[in-house]
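Each residue of the sequence shown is one higher than the last, beginning at 1 in the UniProt record's numbering.
Cβ coordinates follow ideal geometry from the N, Cα and C atoms, glycine included.
Notes to accompany the following structure.
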Amino acid sequence: MPQAGEPFMPEKAQAKYRQIADHLRRGILDGTYPAGQPLPSEEVLAKQFGVTRPTVRQGIAELRAAGLVEVMMGRGMFVRSPHSRPSLTRPRGVRRETDGRYVEADGIRWEHAEDPVATRTDAPLALADLLRIPPGEPMYTYDVLETADRGRLRQLHRTYVPFSVLLGTKYEKQAPPPPPHLYSALTELGNELQFTEYVRTRMPLPDQAQALRLPDGVPVLQVLRVTLNQAEKPLTLEELHLSGDDLELSFHLI
């Protein structure tokens, strides 16, 4: 309430996208829309609230960020269920073929959307710890956007190769190839390779969200893959960012 002498200011009308989000949130919480069941389509909600479909998507983004809604590619919007399975499962890891080539365990044929960009960087503390090198050691760094399934699947792939790993090899004066050819190059240098991966979720940086075409509120899965030799010495580190929307990773444990 305004105090005596203060001008009366009417309350600002609630934004349409928030009205949509609040309407659906109430329906989800009171059971009108049960877990695992579809929500009204964007077209239906747009007509109901007299708005455009981008406005509907903005409201849905709020519910996705709150963990109440999931969007399944080609199927629509659903109330999130603790028992639902994502539409895409990707096995993790690297396997070696009989011809000596290294390929991803998920079997997806990734293509470079652009040529890998090679730069020289200095190892930050967190990566230096994983690679067991001094912070600030120079490294070759490769950055590339990879796509598959005619661009529907996208991932950001960054690779770090410490200079110290290449001392005394033919790559001391020339850059080694990026993955997956990097694995064969390391094997030719006498290394028997093994891999360790670390996975976590976080919210994407703006340029990552744009490159991966992520809607608002969708996190990324960050996979750190360390390649080690037979003595368990780290040789390289790869950083992959994948859309965390409707995706699960599987690992074969032996």
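Using the beta-carbon count (16 or more within 10 Å), is residue i buried or exposed?
i           : result
residue 41  : exposed
residue 140 : buried
residue 259 : Nothing about residue 259 can be reported from this structure: the residues present for the chain run from 1 to 254 only.
residue 255 : The structure shown does not extend to residue 255, since the chain is modelled only from 1 to 254, so the question has no answer here.
residue 114 : exposed
residue 245 : buried
residue 128 : buried
residue 54  : exposed
residue 52  : exposed
residue 242 : buried
residue 254 : exposed
residue 236 : buried
Report yes if the C-beta distance between residue i and residue j is below 8 Å; otherwise report no.
i           : j           : result
residue 63  : residue 21  : yes
residue 178 : residue 142 : yes
residue 122 : residue 107 : no
residue 174 : residue 200 : no
residue 130 : residue 228 : no
residue 234 : residue 226 : yes
residue 39  : residue 77  : yes
residue 219 : residue 212 : no
residue 90  : residue 249 : yes
residue 92  : residue 103 : no
So residue i is in the alpha helix (DSSP H); what residue range does that whole segment cover?
i           : result
residue 48  : 42-49
residue 21  : 16-29
residue 183 : 181-188
residue 208 : 206-212
residue 129 : 125-131
Using a Cβ-Cβ cutoff of less than 6 Å, which residues in the same chain neighbour residue i once the five nearest sequence positions on both sides are dropped?
i           : result
residue 11  : Here the model assigns residue 11 a pLDDT of 48, short of 50, so the residue's position is not dependable and the matter cannot be decided.
residue 157 : 144, 146, 240
residue 153 : none
Can you name the start and end residues of the beta strand (DSSP E) that residue i belongs to?
i           : result
residue 56  : Element bounds for residue 56: not the beta strand (DSSP E) but the alpha helix (DSSP H), 53-65.
residue 155 : 153-162
residue 138 : 138-148
residue 78  : 76-79
residue 200 : 194-202
residue 97  : That residue, residue 97, is in no beta strand (DSSP E); it is neither H nor E in DSSP.
residue 109 : Taken as a continuous stretch (DSSP letters only), residue 109 belongs to no beta strand (DSSP E), as it is neither H nor E.
residue 224 : 220-228
residue 249 : 247-250
residue 242 : 234-243
residue 121 : 117-122
With a CB to CB cut of under 8 Å and the five nearest residues on each side skipped, what residues in its chain are close to residue i?
i           : result
residue 117 : 142, 143, 144
residue 169 : 189
Note down, in chain order, each residue of its chain lying with its Cβ closer than 7 Å to the Cβ of residue i, except the 5 sequence neighbours on either side.
i           : result
residue 138 : 120, 122, 163
residue 133 : 123, 162, 164
residue 172 : 166
residue 61  : 215, 216, 217
List the DSSP bridge partners of residue i.
i          : result
residue 70 : 78
residue 32 : None, per the DSSP bridge assignment.
residue 38 : 78
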